[in-house]
Amino acid sequence: MRRPGFLWLLPLVLAACSTRCGETRVEGLAPAGSITLVRAPAEGPETPLPAPAGREGDVGTAHPLLLEAHDPAGRWVILCQPREDTNGDGQVEAHRGMHGATFGDDVDPYLILESGPGQRIDQYVAHAGSHVAVIRDGKLVIVDVEARTETVLPRVDVTDDGDPFEPHRAAVFDAAGKTLGYLAKKGERTIAIVRDLEAGVETEVDPGPGRLWRIDLPGDGSSIAMRVVVADTNGDGILGWPIPETTRSHRRCRTSGSYSVHPGKTDTMATRIVSLATGRMTRVPGIEAALGNRWVVREEAPEKSPAALFLVSAEGIARPFVSAACDGELFYLDHGRKLALVACQNGAVRFGGGLERTRVELHGEDVHLPLGVFVQDPGFYTKKVGTGSVVLLRSVSPEEGRADPPDVLVDMEHHGVLHPFPEGARALSAHDRYALYMSAENKLMLRDRSSGVDSVLRPSERSEHLDQVERFAYSGPEVFDLERGVVGRISLFYAMILTTDGWGLGVPHTSEDKLPERNELWRGPLRWAKPTPEPYYGRFGLW
Numbered sequence: 061m062r063r064p065g066f067l068w069l070l071p072l073v074l075a076a077c078s079t080r081c082g083e084t085r086v087e088g089l090a091p092a093g094s095i096t097l098v099r100a101p102a103e104g105p106e107t108p109l110p111a112p113a114g115r116e117g118d119v120g121t122a123h124p125l126l127l128e129a130h131d132p133a134g135r136w137v138i139l140c141q142p143r144e145d146t147n148g149d150g151q152v153e154a155h156r157g158m159h160g161a162t163f164g165d166d167v168d169p170y171l172i173l174e175s176g177p178g179q180r181i182d183q184y185v186a187h188a189g190s191h192v193a194v195i196r197d198g199k200l201v202i203v204d205v206e207a208r209t210e211t212v213l214p215r216v217d218v219t220d221d222g223d224p225f226e227p228h229r230a231a232v233f234d235a236a237g238k239t240l241g242y243l244a245k246k247g248e249r250t251i252a253i254v255r256d257l258e259a260g261v262e263t264e265v266d267p268g269p270g271r272l273w274r275i276d277l278p279g280d281g282s283s284i285a286m287r288v289v290v291a292d293t294n295g296d297g298i299l300g301w302p303i304p305e306t307t308r309s310h311r312r313c314r315t316s317g318s319y320s321v322h323p324g325k326t327d328t329m330a331t332r333i334v335s336l337a338t339g340r341m342t343r344v345p346g347i348e349a350a351l352g353n354r355w356v357v358r359e360e361a362p363e364k365s366p367a368a369l370f371l372v373s374a375e376g377i378a379r380p381f382v383s384a385a386c387d388g389e390l391f392y393l394d395h396g397r398k399l400a401l402v403a404c405q406n407g408a409v410r411f412g413g414g415l416e417r418t419r420v421e422l423h424g425e426d427v428h429l430p431l432g433v434f435v436q437d438p439g440f441y442t443k444k445v446g447t448g449s450v451v452l453l454r455s456v457s458p459e460e461g462r463a464d465p466p467d468v469l470v471d472m473e474h475h476g477v478l479h480p481f482p483e484g485a486r487a488l489s490a491h492d493r494y495a496l497y498m499s500a501e502n503k504l505m506l507r508d509r510s511s512g513v514d515s516v517l518r519p520s521e522r523s524e525h526l527d528q529v530e531r532f533a534y535s536g537p538e539v540f541d542l543e544r545g546v547v548g549r550i551s552l553f554y555a556m557i558l559t560t561d562g563w564g565l566g567v568p569h570t571s572e573d574k575l576p577e578r579n580e581l582w583r584g585p586l587r588w589a590k591p592t593p594e595p596y597y598g599r600f601g602l603w
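With the working numbering applied, the sequence shown covers 61 to 603.
Structure below.
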């Protein structure tokens with residue numbers, strides 16, 4: 061039987077499918093053709109490394125130092141030290157200067173595998189998994205600390221753009237450390253090469269028209285994003301990189317310090333993603349981040365207008381992620397579960413001259429959930445709690461004059477289930493099973509989330525702060541294992557880092573135990589230390 065009256069529904073069905081059934085229209089996203097991917101065996105011979113030095117000896121030498129970078133598992137560190145009298149004053153010294161610079165003798169970075177003096181390098185570039193990439197003698201070197209090998213890549217473009225706010229542009233890893241992307245010279249142009257570190261195969265990727273600036277990889281290395289300068293907008297006669305004018309010192313061996321930024325007029329940029337399976341190229345607007353095997357892309361919108369976020373696949377297919385009504389900013393990414401916590405700038409409130417208070421939403425491919433929680437400056441006040449299933453949020457009230465509600469844990473495993481702390485508590489740190497918080501009575505409390513039992517550890521100060529590395533939280537010499545619920549102490553005067561197996565690296569005790577003066581640096585050598593049981597905690601001291 062004919063039903064002509066239903067024909068008017070067809071445009072609505074098609075319109076609905078255009079936003080839910082695959083390809084979604086995104087302002088600024090468009091196909092850019094396909095390129096031929098050139099695959100070949102990976103270049104560069106592998107050279108075996110010496111046997112591990114272990115953690116028993118000194119780390120670095122007896123000179124001032126800065127910690128440049130380190131492996132979360134503690135297999136390598138990069139220390140910056142002056143080791144020669146380069147200014148001819150008869151001593152080897154370096155001090156903190158203005159805007160993050162140092163003055164005195166030349167300070168150089170040294171790659172140290174577990175312990176020892178290490179090897180001088182030009183610059184640190186990137187790391188992930190068991191790999192660390194450095195520039196040594198003007199060439200990119202990939203060190204695999206598990207396989208105990210290093211590989212020198214001969215064709216890499218190691219030109220430094222001098223951007224003090226970004227890492228070196230020469231190379232990037234995917235999140236798992238299984239794929240390496242790097243820049244290489246081909247004639248007069250710079251191209252991208254993606255190297256499968258397990259299979260030993262490289263894929264050459266042409267960036268298309270323009271001057272290639274930087275590259276990025278998603279979590280699984282299935283595509284590559286390339287930022288390219290395509291037009292001389294500022295009329296200086298070159299395709300220039302968008303480097304801000306700033307007083308901040310170069311990233312190499314930099315200390316902390318204040319600085320100013322003066323953004324200028326830059327040339328026109330284009331961002332292109334290429335599927336490493338098919339060679340399909342897609343022009344995209346600004347990429348916010350990688351999330352799993354997809355890119356989070358913000359659509360083009362008029363200035364000061366809210367814009368939606370989309371998930372874009374390697375093949376350029378977009379799916380809605382965060383609506384323009386939220387005007388969201390990502391502040392926590394869970395790559396394993398492909399979830400993100402988003403602060404909605406639309407509807408944010410401000411009391412007097414205070415910081416904005418924004419509502420929080422949880423988003424994923426098929427999850428879009430308002431949490432009913434407000435936070436203040438989420439990029440600063442929200443703790444990233446390792447690779448566990450919970451995220452700690454310090455809640456604030458969206459209404460002036462009302463007391464802030466209890467802090468909460470967001471359970472990412474169960475899509476946003478909230479676990480509030482007691483009234484008046486201040487959350488400090490959390491992992492899958494245990495959480496630490498300060499009670500309203502100024503006591504440090506350990507909460508067992510599986511049983512709901514709270515235990516008093518010790519008195520505490522309201523200003524107490526804990527750092528965290530995966531399941532371990534630490535403050536000074538104290539170390540809390542939030543997977544087993546035990547407490548230990550590290551015998552170091554000052555712990556600089558904590559590793560994923562609970563060891564600390566830092567300044568050992570001396571007869572003086574003196575803190576550096578205002579412009580002084582810590583002095584080496586550093587030492588490793590393993591936590592020992594802390595008797596003060598009684599049954600919590602079974603390390």
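Just so it is clear, CB atoms sit at the ideal spot from N, CA and C, and this is done for glycine as well.
Taking the C-alpha atoms as reference points, what is the distance between Phe553 and Pro593? The sequence position of residue 553 within the sequence shown is 493, counting from 1. The sequence position of residue 593 within the sequence shown is 533, counting from 1. Taking the straight line joining both Cα atoms gives about 17 angstroms.
May I ask you to list the residues that DSSP assigns as paired with Pro169? As a working mapping, residue 169 is identified with position 109 in the sequence shown. According to DSSP, Pro169 bridges with Cys140.
Excluding the five sequence neighbours on either side, which residues of its own chain have a C-beta within less than 7 angstroms of the C-beta of Thr315, listed in chain order? In the sequence shown, the residue the question calls residue 315 occupies position 255. So the qualifying residues of the chain are Leu126, Arg156, Gly160, Thr162.
Assign Tyr392 to one of two classes, buried (16 or more other C-beta atoms within 10 Å of its C-beta) or exposed (fewer than that). As a working mapping, residue 392 is identified with position 332 in the sequence shown. Looking at its Cβ environment, which holds 16 or more other Cβ atoms inside 10 Å, Tyr392 is buried.
Quick check on the DSSP output: the beta strand (DSSP E) that includes Gly565 runs from which residue to which? Locating residue 565 in the sequence shown gives position 505, where the first residue counts as 1. It is Leu, not Gly, that sits at residue 565 in the sequence shown. Note, Leu565: beta strand (DSSP E), 564-567.
Exposed or buried, Arg578, counting other C-beta atoms within 10 Å across all chains shown (16 or more means buried)? For the purposes of this step, residue 578 is identified with residue 518 of the sequence shown, where counting begins at 1. By the neighbour-count rule (16 or more Cβ atoms within 10 Å), Arg578 is not buried but exposed.
Rounded to whole angstroms, what is the Cα-Cα separation between Ala589 and Tyr184? Here the question's residue 589 lines up with position 529 in the sequence shown. Here the question's residue 184 lines up with position 124 in the sequence shown. For Ala589 and Tyr184, the distance between alpha carbons rounds to 25 angstroms.
Whose CA, out of Leu452, Ala533, Leu558, lies closest to the CA of Val546? Position 486 of the sequence shown, counting from 1, holds the residue named residue 546. Looking at the Cα atoms, Ala533 is the closest of the given residues.
For Ala230 and Val216, believed in contact at Cβ under 8 angstroms, the rounded distance: Counted from its first residue, the sequence shown places residue 216 at position 156. Counted from its first residue, the sequence shown places residue 230 at position 170. Yes, Val216 and Ala230 are in contact; Cβ-Cβ is about 6 angstroms, under 8 angstroms.
Could you spell out the range, first to last residue, of the beta strand (DSSP E) harbouring Val356? Locating residue 356 in the sequence shown gives position 296, counting from the first residue. Residues 354-358.
Among all the DSSP beta bridges, which residues are the ones paired with Cys404? In the sequence shown, the residue the question calls residue 404 occupies position 344. In the DSSP assignment, Cys404 is bridged to Gly388, Arg419.
If Ile550 and Pro576 are in contact, beta carbons under 8 angstroms, what's the gap, nearest whole angstrom? For the purposes of this step, residue 550 is taken as residue 490 along the sequence shown, with counting starting at 1. For the purposes of this step, residue 576 is taken as residue 516 along the sequence shown, with counting starting at 1. About 19 angstroms separates the beta carbons of Ile550 and Pro576, which is beyond the 8 angstroms limit, so they are not a contact pair.
Three or more C-beta pairs below 8 angstroms linking the segment 143-157 and the segment 579-588: Yes: at least three Cβ pairs fall under 8 angstroms.
State the DSSP-derived secondary structure class of Met286, mapped to helix, strand or coil. As a position in the sequence shown, residue 286 is number 226, starting the count at 1. Under the three-state reduction of DSSP output, Met286 falls in the strand class.
Residues bridged to His191 by DSSP? Taking the first residue of the sequence shown as 1, we reach residue 191 at position 131. Beta-bridge pairing links His191 to Ala188, Asp204.
Would Glu48 pass as a contact of Leu488 if the rule is Cβ separation under 8 angstroms? Look at the range of the chain in this structure, 61 to 603, and you will see that residue 48 is not part of it.
I need the straight-line Cα distance from Ala50 to Val468, nearest angstrom please. Lying before the first or after the last residue shown, residue 50 is absent from the chain, which here runs from 61 to 603.
Please classify Pro214 as buried or exposed, where buried requires at least 16 neighbouring CB atoms within 10 angstroms. Stepping through the sequence shown from its first residue, residue 214 is reached at position 154. Result: exposed.
Backbone secondary structure at Pro593 - three-state DSSP: Taking the sequence shown and counting its residues from 1, one reaches residue 593 at position 533. Secondary structure at Pro593: strand, using DSSP grouped into helix, strand and coil.
Within the chosen definition, does the segment 171-180 reach the segment 106-124 through at least 3 CB pairs nearer than 8 angstroms? Under the 8 angstroms Cβ criterion, the segment 171-180 counts as touching the segment 106-124, having at least three qualifying pairs.
Return the residue from the list Asp327, Thr342, Glu359 that minimises the CA-CA distance to Ile333. Numbered from its first residue, the sequence shown carries residue 333 at position 273. Of Asp327, Thr342, Glu359, the residue nearest in Cα terms is Thr342.
Whose CA, out of Pro345, Asp514, Asn147, lies closest to the CA of Glu87? As a working note, residue 87 is residue 27 in the sequence shown. When only C-alpha atoms are compared, the closest one is Pro345.
Cβ distance (whole Å) where Val321 is taken to contact Pro304 below 8 angstroms: Within the sequence shown, numbered from 1, the residue matching residue 321 stands at position 261. Within the sequence shown, numbered from 1, the residue matching residue 304 stands at position 244. Your pair Val321 and Pro304 checks out as a contact, with CB atoms roughly 5 angstroms apart and the cut at 8 angstroms.
Cα-Cα separation between Asp296 and Arg271, rounded to whole angstroms: Here the question's residue 296 lines up with position 236 in the sequence shown. Here the question's residue 271 lines up with position 211 in the sequence shown. Here the alpha carbon of Asp296 sits roughly 15 angstroms from the alpha carbon of Arg271.
Pull up the DSSP beta-bridge partners for His322, would you. The count along the sequence shown starts at 1 and reaches residue 322 at position 262. His322 pairs with Glu305.
By Cβ distance below 7 angstroms, which residues in the same chain neighbour Asp606 in space, the five residues on each side in sequence not counted? Because the chain spans 61 through 603 in this model, residue 606 falls outside it and cannot be assessed.
Kindly indicate which three-state DSSP category Gly160 falls into: helix, strand or coil? Mapped onto the sequence shown, residue 160 falls at position 100. The answer is helix: DSSP assigns Gly160 an H, G or I state.
Can you tell me which residues form a DSSP beta bridge with Met329? The residue given as residue 329 occupies position 269 in the sequence shown. DSSP lists Val289 as partners of Met329.
Residue closest to Arg397, alpha-carbon to alpha-carbon, out of Gly461, Arg354, Glu144, Gly104: What you label residue 397 is simply residue 337 of the sequence shown in a count that begins at 1. Comparing Cα positions, the closest option is Arg354.
Identity of the residue in His475, Ala90, Gly222, Leu504 nearest Arg308 by Cα: As a working mapping, residue 308 is identified with position 248 in the sequence shown. Comparing Cα positions, the closest option is Gly222.
State the Cα-Cα distance for the pair Asp204 and Val194, rounded to the nearest angstrom. If you number the sequence shown from 1, residue 204 lands on position 144. If you number the sequence shown from 1, residue 194 lands on position 134. Distance between the alpha carbons of Asp204 and Val194: 12 angstroms.
Apply the 10 Å Cβ neighbour rule to Pro169 and answer buried if 16 or more other Cβ atoms are within range, or exposed otherwise. The residue you call residue 169 lines up with position 109 of the sequence shown. By the Cβ neighbour-count rule, Pro169 is buried, with 16 or more other Cβ atoms within 10 Å of its own.
Report the option in Pro466, Lys503, Ser449 whose CA atom is closest to the CA atom of Ser457. The sequence position of residue 457 within the sequence shown is 397, counting from 1. When each option's Cα is compared against that of Ser457, the closest is Pro466.
Assuming Gly241 contacts Ile181 (C-beta within less than 8 angstroms), just tell me the rounded distance between them. For this step, residue 241 is matched to residue 181 along the sequence shown. For this step, residue 181 is matched to residue 121 along the sequence shown. The beta-carbon separation of Gly241 and Ile181, rounded to 20 angstroms, does not stay under the 8 angstroms limit for a contact.
Taking a contact to mean a Cβ-Cβ separation below 8 angstroms, would you say Leu517 touches Leu526 in this structure? Along the sequence shown, one-based indexing puts residue 517 at 457. Along the sequence shown, one-based indexing puts residue 526 at 466. Taking 8 angstroms as the cut-off, the Cβ atoms of Leu517 and Leu526 do not count as close.
Per DSSP, what kind of secondary structure is Pro438 in: helix, strand or coil? Position 378 of the sequence shown holds residue 438. Judged by DSSP in its simplified three-state form, Pro438 adopts helix.
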